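Quick notes on the structure that follows.
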Amino acid sequence: MAYAQSQGTEEPDFTPVISDGAFELRDYPALVVAEITHSGTRQAASSRSFRRLAAYIFAQDRPAGGERIAMTTPLLQDRVARDEKIAMTAPVMQERVGGDSWRMRFVMPAKYTLDTLPRPPADIALSEIPARRMATVRFAGNGSPADLAEQEQRLAEWVEAQGLRPRGGFEYAFYNAPMVPGPLRRNEVMIAVEEDR
């Protein structure tokens with residue numbers, strides 16, 4: 007049931023540049039996201055971050071409820087350097103924020119802009135990720151640390167073989183609900199790239 011529900015969920019548009027088995031090079035337009043950062047293990051930070059972001063999009067933490075925002079996929083997660091400043095502007099991905107901190111992002115539905123989204127609580131930032139070219143590798147599984155490390159290595163080798171240069175760190179994209187069995191899950195490791203000149 008959860009797997010079937012995820013099939014009709016809005017995903018960000020992108021233009022495929024190269025498709026090579028599990029690997030893809032994609033051009034993404036600018037994306038509006040809601041993001042939050044928590045420390046701890048990736049799994050613990052994910053759980054706390056997901057609950058807070060879900061409360062925002064489902065209008066559970068706004069006076070008188072307010073407009074609910076449709077859930078989209080993927081959920082994005084990445085690592086952020088300890089000294090990286092996260093823009094606190096108005097608008098799912100997860101990244102590490104140095105040490106043991108992680109940033110999670112929910113991509114907002116395409117109909118929203120930073121100006122039209124409901125105001126979030128103080129711990130959630132709305133921002134726009136600029137247009138970028140991303141190298142990706144798709145895989146099934148539960149997204150364990152070992153799985154992610156293996157896919158990071160595979161993607162790094164593919165990026166180098168394509169004559170591309172990474173711009174920044176790895177990001178993780180998760181497309182399915184937690185109750186979907188690992189072999190049926192769609193996950194991706196992604197990294198922004200540019201041509202190696």
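Using the working numbering, read the sequence shown as starting at 7 and increasing by one per residue. No residue lacks a Cβ here, since even glycine has one placed at the ideal position from N, Cα and C. All values reported here derive from a predicted model rather than from experimental measurement.
First through last residue of the beta strand (DSSP E) which encompasses E134: To locate residue 134, count along the sequence shown from 1; it is residue 128. Boundaries of the beta strand (DSSP E) around E134: 131 to 135.
So for V186, helix, strand or coil by DSSP? Within the sequence shown, the letter at position 180 stands for residue 186. If DSSP states are grouped into helix, strand and coil, V186 belongs with coil.
Are the beta-carbon atoms of I135 and Y62 separated by less than 9 Å? The count along the sequence shown starts at 1 and reaches residue 135 at position 129. The count along the sequence shown starts at 1 and reaches residue 62 at position 56. Cβ distance not < 9 Å, so I135 and Y62 don't count as in contact.
Environment of T21 [buried if 16+ CB atoms lie within 10 Å]: By one-based count along the sequence shown, residue 21 stands at place 15. Burial call: exposed.
Helix, strand or coil at S150 according to DSSP, with G and I counted as helix: As a first step, residue 150 is located in the sequence shown; it is residue number 144 there, counting from the start. DSSP, reduced to helix, strand and coil, places S150 outside both helices and strands of the structure shown, so it counts as coil.
Based on Cα-Cα distance, which residue from S107, L132, A128 lies nearest to T119? Position 113 of the sequence shown, counted from the start, is the residue given in the question as residue 119. The residue with the shortest Cα to Cα distance from T119 is L132.
For the region 154 to 172 against the region 113 to 130, are there 3 or more C-beta pairs whose distance is under 8 Å? Taking 8 Å as the limit for Cβ pairs, the verdict is that the region 113 to 130 does not touch the region 154 to 172.
Measuring straight from C-alpha to C-alpha, what distance separates M94 and M110? Along the sequence shown, read from residue 1 onward, the residue named residue 94 stands at position 88. Along the sequence shown, read from residue 1 onward, the residue named residue 110 stands at position 104. Its pLDDT being 32, under 50, M94 is placed unreliably by the model, and nothing is read from it.
Does the Cβ-Cβ distance between A141 and Q168 come in under 9 Å? Taking the sequence shown and counting its residues from 1, the one referred to as residue 141 is at position 135. Taking the sequence shown and counting its residues from 1, the one referred to as residue 168 is at position 162. Yes.
Rounded to whole angstroms, what is the Cα-Cα separation between E17 and S107? Counting from 1 along the sequence shown, the entry for residue 17 is found at position 11. Counting from 1 along the sequence shown, the entry for residue 107 is found at position 101. Just so you know, the alpha carbons of E17 and S107 end up roughly 26 Å apart.
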